[in-house]
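Quick note, the sequence shown lines up with residues 1 to 129 if you use the UniProt record's numbering.
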Amino acid sequence: MSLDKKECLLQKKEKIKSGGGPKRIEQQHAKGKMTARERLTHLFDQGTFIEIDAFIKSRCTRFGMDKLDFESESIVTGYGQIDGRVVYAYSQDFTMQGGSLGEMHARKIVKVLDAAAKVGAPVVGLNDS
Numbered sequence: 001m002s003l004d005k006k007e008c009l010l011q012k013k014e015k016i017k018s019g020g021g022p023k024r025i026e027q028q029h030a031k032g033k034m035t036a037r038e039r040l041t042h043l044f045d046q047g048t049f050i051e052i053d054a055f056i057k058s059r060c061t062r063f064g065m066d067k068l069d070f071e072s073e074s075i076v077t078g079y080g081q082i083d084g085r086v087v088y089a090y091s092q093d094f095t096m097q098g099g100s101l102g103e104m105h106a107r108k109i110v111k112v113l114d115a116a117a118k119v120g121a122p123v124v125g126l127n128d129s
């Protein structure tokens with residue numbers, strides 16, 4: 001992978017981690033709420049959470065959706081450990097489209113549910129409205 005491609009990938013990952021951007025994160029904090037990623041960081045044992053499908057994003061082109069500048073879906077999914085036990089989770093990201101449920105958002109949840117079922121692990125869903 002060339003340096004330009006690697007740098008582009010790293011920049012995209014950083015943009016994804018910022019959710020809906022600094023302004024929306026600030027609004028979330030002003031309401032006394034954590035972001036989706038902050039909630040997962042507090043839930044899981046330190047350093048154990050592994051995000052799944054961070055680069056998945058909506059493919060909807062209706063209603064002007066194709067003009068929105070989001071690099072990811074409005075949900076964070078993954079797995080990690082809570083008190084040493086493997087747990088899968090999803091957390092809706094209100095900073096992105098209010099955490100609205102769309103096709104790819106739902107597919108990410110289903111993928112986490114399926115993965116957890118295969119290994120007999122519990123699933124925690126964190127919703128925000």
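By construction, the Cβ of each residue, glycine as well, lies at the ideal position given by its N, Cα and C atoms.
Cβ-Cβ distance between residue i and residue j below 8 Å
i	j	result
T35	I25	yes
D53	I82	no
Q92	L113	no
K33	D128	yes
residue 188	E73	Here the chain covers residues 1 to 129 and nothing more, so residue 188 does not appear.
Residue i burial status per 10 Å Cβ neighbour count (16 or more: buried)
i	result
H42	exposed
V119	exposed
Q11	exposed
Q27	exposed
I9	Reading off the sequence, residue 9 comes out as Leu, not Ile. That one is exposed.
Rounded distance between the beta-carbons of residue j and residue i, thought under 8 Å
i	j	result
I109	I75	7 Å
G19	T48	Contact flag wrong, Cβ pair sits at about 21 Å.
Rounded separation between residue i and residue j - CA only
i	j	result
A121	D4	39 Å
Y88	G102	20 Å
V123	R85	12 Å
G78	K6	23 Å
R37	K31	16 Å
Contacting residues, own chain, Cβ-Cβ under 8 Å from residue i (five flanking each side not counted)
i	result
G21	T95
K111	I52, D53, T77
R107	I56
Residue-level contact to chain C via CB, residue i, 8 Å cutoff
i	result
I52	In the structure shown, chain C cannot be found, because there is only a single protein chain.
Same chain only: Cβ atoms within 6 Å of residue i, ignoring 5 sequence neighbours per side
i	result
A116	Y88, V123
K13	none
Spatial neighbours of residue i in its chain, beta-carbon cut-off 7 Å, leaving aside the 5 residues before and after
i	result
R39	S91, L126
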